[in-house]
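Reading through the structure tokens given below for one structure.
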Amino acid sequence: MTGDERTLTPAQYEEWAAEVRRLADERGAVVLAHNYQVPEIQDVAHHTGDSLYLSRVAAQTDAREIVFCGVHFMAETAKILSPDKTVLLPDHDAGCSLADSITAEQLREWKAEHPGAVVVSYVNTTAAVKAETDVCCTSSNAADVVRSIPEDREILFCPDQFLGAHVKRVTGRENIRIWAGECHVHAGISPSDVRSQIAAHPDAEILVHPECGCTTSVLDLVSNGDLPAERTRVLSTGGMAEAAAATRAGQVLVATEVGILHQLRALNSGTQFIPMNDRAACRYMKMITPEKLLRTLQTGQGAIEVPGDVAARARRAVEAMIAIGEPGRGGE
Numbered sequence: 001m002t003g004d005e006r007t008l009t010p011a012q013y014e015e016w017a018a019e020v021r022r023l024a025d026e027r028g029a030v031v032l033a034h035n036y037q038v039p040e041i042q043d044v045a046h047h048t049g050d051s052l053y054l055s056r057v058a059a060q061t062d063a064r065e066i067v068f069c070g071v072h073f074m075a076e077t078a079k080i081l082s083p084d085k086t087v088l089l090p091d092h093d094a095g096c097s098l099a100d101s102i103t104a105e106q107l108r109e110w111k112a113e114h115p116g117a118v119v120v121s122y123v124n125t126t127a128a129v130k131a132e133t134d135v136c137c138t139s140s141n142a143a144d145v146v147r148s149i150p151e152d153r154e155i156l157f158c159p160d161q162f163l164g165a166h167v168k169r170v171t172g173r174e175n176i177r178i179w180a181g182e183c184h185v186h187a188g189i190s191p192s193d194v195r196s197q198i199a200a201h202p203d204a205e206i207l208v209h210p211e212c213g214c215t216t217s218v219l220d221l222v223s224n225g226d227l228p229a230e231r232t233r234v235l236s237t238g239g240m241a242e243a244a245a246a247t248r249a250g251q252v253l254v255a256t257e258v259g260i261l262h263q264l265r266a267l268n269s270g271t272q273f274i275p276m277n278d279r280a281a282c283r284y285m286k287m288i289t290p291e292k293l294l295r296t297l298q299t300g301q302g303a304i305e306v307p308g309d310v311a312a313r314a315r316r317a318v319e320a321m322i323a324i325g326e327p328g329r330g331g332e
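Just so you know, the sequence shown maps onto residues 1 to 332 in the UniProt record's numbering.
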């Protein structure tokens with residue numbers, strides 16, 4: 001597993017990339033890469049971004065095939081929004097610890113315990129969970145989604161406990177119940193990582209993903225005056241890309257999966273982007289290798305299927321979110 005390291009030499013990359021592009025053109029395929037993919041895949045993709053942004057690109061493209069370089073729930077979301085297109089995932093074993101932290105059966109049981117509650121599910125969930133959901137949300141619009149729900153309605157928020165805690169904090173909503181799920185990578189970015197990195201880089205700007213286990217401690221440091229609020233931001237991956245392109249800071253500490261550093265550095269070569277924890281690499285994201293992408297384009301194998309009734313119900317939850325307000329480029 002790599003973080004932000006390249007796995008191909010420049011010569012190998014050029015040969016591989018030329019063949020990927022040739023095969024994509026031949027198949028009428030568009031290659032989509034998540035922000036956390038290895039650098040070569042980000043560079044060769046037609047579009048790079050967060051999962052919801054890429055799924056919306058998939059829905060809008062004229063391409064016959066979508067090759068989604070990400071994890072399983074992301075390819076499912078693309079299929080939900082593009083039911084008539086072929087969606088290929090280069091490795092079906094590329095899962096997600098956060099999406100796996102709640103099942104559709106568990107959500108149905110939770111709903112039965114709280115009749116009348118509104119279910120808000122993060123887009124980082126399976127199609128089956130989305131189908132049991134009233135409205136989806138992204139990390140950038142979760143607070144707006146919660147605010148759109150009448151104050152007297154109980155809310156069941158799943159599956160990420162850190163994003164849920166962040167939303168509860170910023171909305172002041174007390175009648176929100178939060179599922180105890182987490183992304184193992186983001187949960188592993190700890191308050192001690194924050195303290196040591198801030199001590200080492202006292203003038204750096206700080207970008208923190210709301211899934212991180214350190215979010216609460218960062219915001220506590222801000223509220224106590226130990227961190228300047230003007231250079232500390234909690235952002236989605238898409239929001240981080242926008243902030244990176246605009247900043248003029250000499251150094252930026254980044255608390256999320258390290259794969260995004262490749263994109264941030266490409267957006268702004270004048271700033272040093274430093275991981276809050278350089279071991280925060282997702283083994284599932286790194287399962288999509290250059291070799292697997294090439295093989296998918298050669299064989300056309302790896303199609304994602306979502307049962308029609310599940311897809312229809314899941315699509316309503318995603319569309320309910322979009323009706324509240326465009327999620328923008330900042331998805332998960």
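Idealized CB from N, CA, C, for every residue including glycine.
Put simply, the segment 284-295 touches the segment 15-32. At least three CB pairs are less than 8 Å apart. In the DSSP annotation of this structure, Leu-235 is not part of any beta strand (DSSP E), being labelled neither H nor E. Short of 7 Å from the beta carbon of Arg-108, and not among the five residues preceding or following it, lie these beta carbons of its own chain, in chain order: Glu-132. The beta-carbon separation of Leu-156 and Arg-169, rounded to 18 Å, does not stay under the 8 Å limit for a contact. Distance from Phe-162 to Thr-126 at the Cβ level is roughly 19 Å; contact not present, criterion being Cβ atoms closer than 8 Å. In terms of Cβ geometry, Leu-88 and Ala-29 form a close pair [threshold 9 Å]. Uninterrupted beta strand (DSSP E) stretches at least 3 residues long and entirely within the segment 160-234 occur at 176-178, 205-208 and 232-234, given in chain order. By the criterion of a C-beta distance shorter than 8 Å, Arg-233 is surrounded in its chain by Glu-205, Ile-206, Leu-207, Val-208, Gly-239 and Ala-243, once the five residues flanking it on both sides are discounted. For Leu-23, the three-state secondary structure derived from DSSP is helix. With a threshold of 16 other beta carbon atoms within 10 Å, Glu-65 meets it and is buried.
The residue from Gly-250, Thr-7 and Arg-27 with its alpha-carbon nearest to that of Asp-203 is Gly-250. Beta-bridge partners assigned by DSSP to Pro-275: Val-254.
With 16 or more other Cβ atoms from the protein chains shown falling within 10 Å of its own Cβ, Arg-56 counts as buried.
The segment 50-111 contains, as complete alpha helix (DSSP H) runs of 4+ residues, the segments 51-60 and 72-81 (chain order). Judged by their CB atoms, Ser-51 and Asn-124 are nearer to each other than the 9 Å cut-off.
Ranked by how close their Cα comes to the Cα of Val-67, the residues Cys-96, Ala-24, Asp-84 and Pro-39 have Ala-24 in first place. Buried is the label assigned to Thr-271, since at least 16 other Cβ atoms lie within 10 Å of its Cβ. Residues of the same chain with a CB within less than 8 Å of the CB of Ile-324, apart from the 5 flanking positions on each side, are Val-135, Asn-141, Asp-144, Val-145 and Ser-148 in chain order. Residue pairing by DSSP puts Cys-137 in a beta bridge opposite Tyr-122.
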